[in-house]
Amino acid sequence: MTAQDSATRIPGIAANHGTALAALGVLGFSFSFPATAWALDGFGPWTATGLRGVLAALLALACLAARRVPVPERRHWRGLLTVAAGCVIGFPLLTTLALRTSSTAHSAVVIGLLPLATAVMSVTLTGERPSRRFWYGAVAGAVAVIAFTLQQSQGAPTLADLYLFCALLVCAAGYAEGGRLSRHMAGWQVIGWAVVAALPVTAVTALVAWPAEAVPVTPRGVGGLLYVAAVSQFGGFVVWYRGMGLIGVARASQLQLAQPLLTLAWSALLLAEQVPPAAPATAVAVLLCIASTQRARA
Numbered sequence: 015m016t017a018q019d020s021a022t023r024i025p026g027i028a029a030n031h032g033t034a035l036a037a038l039g040v041l042g043f044s045f046s047f048p049a050t051a052w053a054l055d056g057f058g059p060w061t062a063t064g065l066r067g068v069l070a071a072l073l074a075l076a077c078l079a080a081r082r083v084p085v086p087e088r089r090h091w092r093g094l095l096t097v098a099a100g101c102v103i104g105f106p107l108l109t110t111l112a113l114r115t116s117s118t119a120h121s122a123v124v125i126g127l128l129p130l131a132t133a134v135m136s137v138t139l140t141g142e143r144p145s146r147r148f149w150y151g152a153v154a155g156a157v158a159v160i161a162f163t164l165q166q167s168q169g170a171p172t173l174a175d176l177y178l179f180c181a182l183l184v185c186a187a188g189y190a191e192g193g194r195l196s197r198h199m200a201g202w203q204v205i206g207w208a209v210v211a212a213l214p215v216t217a218v219t220a221l222v223a224w225p226a227e228a229v230p231v232t233p234r235g236v237g238g239l240l241y242v243a244a245v246s247q248f249g250g251f252v253v254w255y256r257g258m259g260l261i262g263v264a265r266a267s268q269l270q271l272a273q274p275l276l277t278l279a280w281s282a283l284l285l286a287e288q289v290p291p292a293a294p295a296t297a298v299a300v301l302l303c304i305a306s307t308q309r310a311r312a
């Protein structure tokens, strides 16, 4: 093997590793909506959002303390606060409010738009310039998922859709900023410091909302809450941001095109929701679009 072959091989290995990590994050996130629906069985929406953030922050603090990670430099805190506002407070609260009146299958529409929105945010925040082929694949994938989900809801917008659209915007900003920060610090530290930064807000929210909402706690609710705290709010972001740091925000974001379809599968298996007949064809179309974006040059 020549030196040139070795130099070419190393970026390829890093890209494959980054893709695998980002895909693992998507797999973890795909169960977030069903787990949130479970959490609402034992907690109110504001309580669930607050406790989710508090538990994730306690887990993050334990990891940061165990590794003796220093406090981030001042220049990184603006980005960390963006991640906290978008991914720790805004997205969880807005999607939880939406799931009070919307099925998990319909709520997946926000994920159908999220990859494209994240790619757009990455251009604005990180200066990435994906190729034209990338944008063709990204738009086609978004159109396929949106058409599928709107067909299932007969195209009638609701208050839940407004919550989901707002959640889309704040989460895309948090994803893009987190991916940018992952070039300067470990991905797990990005989400770790973000949930810690949000702790004053999430703790107060939990303390005020829990007695006010007064929803009877159930084992199913506790199980859902533990999942969204440990995986959706922390563990999934650890591998997700690491993958973004390796392959770029825009490219990693397109792997989330598969998330609505994975969410549909979980909803059918665990929530007894019916899988629409159009799901298999949509799955094939989405996978082709993902392949196109992953092979496109930056």
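Residue 312 is where the sequence shown ends in the working numbering, and the numbering goes up by one at each step. Each residue gets a CB set at the ideal place from its N, CA and C atoms; glycine is no exception. As the structure is a prediction and not an experimental result, all values here were calculated from the model.
| Item | Value |
| --- | --- |
| Straight-line Cα distance separating Gly238 from Leu278 | 17 angstroms |
| Same chain, Cβ closer than 7 angstroms to Gly126, neighbours up to 5 away in sequence not counted | Ala156, Val159, Ile160, Thr163 and Pro274 |
| Span separating the alpha-carbon of Thr96 from that of Glu191 | 7 angstroms |
| DSSP state of Thr277 mapped onto helix, strand, coil | helix |
| Nonlocal neighbours in the same chain, by C-beta distance under 6 angstroms from Pro129, ignoring five residues either side | Ser267, Gln268, Gln270 and Leu271 |
| Where the alpha helix (DSSP H) through Pro106 begins and ends | Phe105 to Ala112 |
| Boundaries of the alpha helix (DSSP H) in which Ser46 is found, first to last residue | Ser46 to Ala53 |
| For Ala305, the nearest candidate out of Thr63, Pro106, Arg147 and Ile27 (CA to CA) | Arg147 |
| DSSP state of Arg141 mapped onto helix, strand, coil | It is worth fixing the name first, because residue 141 is Gly in this sequence and not Arg. Coil, per DSSP. |
| Span separating the alpha-carbon of Met15 from that of Glu287 | Interpretation of Met15 is limited by its pLDDT of 43, a score under 50 that renders its predicted location unreliable; no figure is taken from the coordinates. |
| Spatially closest choice to Pro48 from Ala226, Trp254 and Arg114, by CA coordinates | Arg114 |
| Opening and closing residue of the alpha helix (DSSP H) in which Cys101 lies | No alpha helix (DSSP H) contains Cys101, which DSSP labels as neither H nor E. |
| Sub-8 angstroms separation of Glu142 and Ala29 beta-carbons | no |
| Presumed contact (8 angstroms Cβ cut-off) between Trp202 and Cys77, rounded CB distance | 7 angstroms |
| Val134 to Gly235 span [Cα, whole Å] | 36 angstroms |
| Reference Thr132; option with closest CA among Ala181, Pro233 and Pro294 | Ala181 |
| Chain-order list of residues whose beta-carbon lies under 6 angstroms from that of Val252 (same chain, five-residue window excluded) | Gly201 and Trp202 |
| For Val83, the nearest candidate out of Ala74, Arg89 and Trp91 (CA to CA) | Ala74 |
| Contacting residues, own chain, Cβ-Cβ under 7 angstroms from Arg197 (five flanking each side not counted) | Gly259 |
| Closest by C-alpha distance to Ala99, when choosing among Ala80, Gly67, Leu302 and Ala53 | Gly67 |
| Spatial distance of Ala111 from Trp52 (CA atoms) | For the record, residue 111 in the displayed sequence is Leu; it is not Ala. Cα to Cα, the separation comes out at about 13 angstroms. |
| Rounded C-alpha distance that separates Gly257 from Leu107 | 25 angstroms |
| Rounded separation between Ser121 and Pro59 - CA only | 15 angstroms |
| Ala282 in three-state terms, based on DSSP | helix |
| Local Cβ density within 10 Å of Gly42, reported as buried at 16 or more and exposed below that | buried |
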